[in-house]
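Here the sequence shown stands for residues 6 to 275, numbered as in the numbering used here.
Positions of the beta carbon are idealized from the N, C-alpha and C atoms, including for glycine.
Report on one structure; see the data block that follows.
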Amino acid sequence: MRAVEWLDGKLRILDQSKLPWEQTFADLDDYRDVVLAIKDMRVRGAPAIGIAAAYGIALGASAIRTANKDEFLVLLNQITQAFAVSRPTAVNLFQSIDRMEKATSGEGVSEVKRALVNEAKRIHREEIAATRQLSQLGANLVKDGFTLLTHCNAGPLATAGYGTALGVIKAAKEQGKRVSVLATETRPLLQGARLTTWELKQEGIPVTLITDSMAGHFMQRRRIDCVVVGADRIAANGDVANKIGTYTLAVLASENDIPFYVAAPTSTID
């Protein structure tokens, strides 16, 4: 199951807006459809958005019909600007745009088009490698028999890779550890209820869905061994911005002496 995949010159996405009720894939060959998929949250999660945008830019470039490089770059800029406004809060989106723009140094238009596809694939490979590495490092903090609490959704769906918070949990299972998860609903869009529980079930990891306001009760009753969440953005001083409700969980964990971990790649650091 891949949230984003490049197949035969098209971008295949898993429509996350329909999960968990339907597994629907769409093959996109027009960059405008990729922009719309990001806006409509059919593709979501900053890393996955960055990857989808890179492939979308490559799609748009391939459709430009001019051999004049200056004209090509003007039209390509219009495409990158369309992606820039598709999800302004996704830091990976702008990193991908920047990398794709830097990949246009080739002499001819055909050479640049090939370079853009290759750069998009490179961005995707790097994200998979980064999330796998951080997940394995995080799994070393998880002990056998742990019950972990997580918030929102930070698995393969959000990263188009291995996952961050859920990647840690997956890696712990792969290490042979018995783990279980309490997942918050994450209102109002229910990413935890719809997506996190679905992903964990796909991995065969025991998961219990709880309402957002139940976390304090389970912490006070010592039913949670640690909390692991992803991050939308991390400031240079270590401050973390994430889904609404994350701060509440951090305060509750601190009050109850429960370890609280943030799993994120370095690309999340602003």
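Would you report the Cα separation of residue i and residue j, rounded to the nearest angstrom?
i, j, result
"K178", "D275", "31 Å"
"A125", "A42", "17 Å"
"R130", "V117", "20 Å"
"G168", "A68", "32 Å"
"I229", "I215", "12 Å"
"I174", "L24", "21 Å"
"N82", "R119", "17 Å"
"A170", "T251", "13 Å"
"E27", "L33", "18 Å"
"R47", "L19", "7 Å"
"M219", "E204", "21 Å"
"Y36", "A57", "10 Å"
"K107", "V79", "14 Å"
"V212", "R70", "51 Å"
"K206", "P193", "22 Å"
"R127", "R227", "44 Å"
"L139", "L98", "20 Å"
"V245", "A51", "14 Å"
"Y266", "T94", "22 Å"
"D221", "G243", "Residue identity check: residue 221 is Gly in the sequence provided, not Asp. Rounded to the nearest angstrom, the two C-alpha atoms are 24 Å apart."
"R17", "A66", "17 Å"
Inspect the beta-carbon positions of residue i and residue j and report whether they are closer than 7 Å.
i, j, result
"D149", "T189", "no"
"G55", "S101", "yes"
"G166", "E208", "no"
"K15", "S91", "no"
"V9", "A53", "yes"
"M6", "A59", "no"
"G61", "V96", "no"
"Q141", "A89", "no"
"A268", "I239", "no"
Under a Cβ-count criterion, where at least 16 other Cβ atoms within 10 Å of its own Cβ denotes burial, should residue i be classed as buried or exposed?
i, result
"L64", "buried"
"Q134", "Note on residue identity: the sequence assigns Ala, not Gln, to residue 134. By the 10 Å Cβ count, A134 comes out exposed."
"M4", "No answer is possible for residue 4: it lies beyond the span of the chain, which begins at 6 and ends at 275."
"E260", "exposed"
"I84", "buried"
"F30", "exposed"
"K248", "buried"
"G160", "buried"
"S110", "exposed"
"G273", "For the sequence presented, residue 273 should be read as Thr rather than Gly. With 16 or more Cβ atoms within 10 Å of its Cβ, T273 is classed as buried."
"E76", "exposed"
"Q196", "buried"
"T201", "buried"
"V256", "exposed"
"A241", "exposed"
"A258", "buried"
"L254", "buried"
Please work out which residues of its chain come closer than 8 Å, Cβ to Cβ, to residue i, disregarding the five sequence neighbours upstream and downstream, and give them in chain order.
i, result
"K74", "E112, G113, V114 and V117"
"A198", "A188, E190, T191 and L214"
"K182", "A144, V147, K148, D149, G150 and F151"
"T271", "A135"
"I210", "I174, K175, K178, V184, S185 and V186"
"D262", "none"
Cutting at 6 Å between CB atoms, please list the residues of its own chain near residue i, excluding the five before and the five after it.
i, result
"R137", "Y167"
"P264", "C231"
"A87", "V40"
"W11", "Y60"
"A72", "V114"
Sorted by chain position, which residues of the same chain lie with C-beta nearer than 7 Å to residue i's C-beta, five sequence neighbours on each side aside?
i, result
"R49", "Q21 and A163"
"D103", "none"
"Q180", "A144"
Count the C-beta pairs between the stretch 149-162 and the stretch 230-248 that are closer than 8 Å, then say yes if the count reaches three, no if not.
Verdict: yes, contact present.
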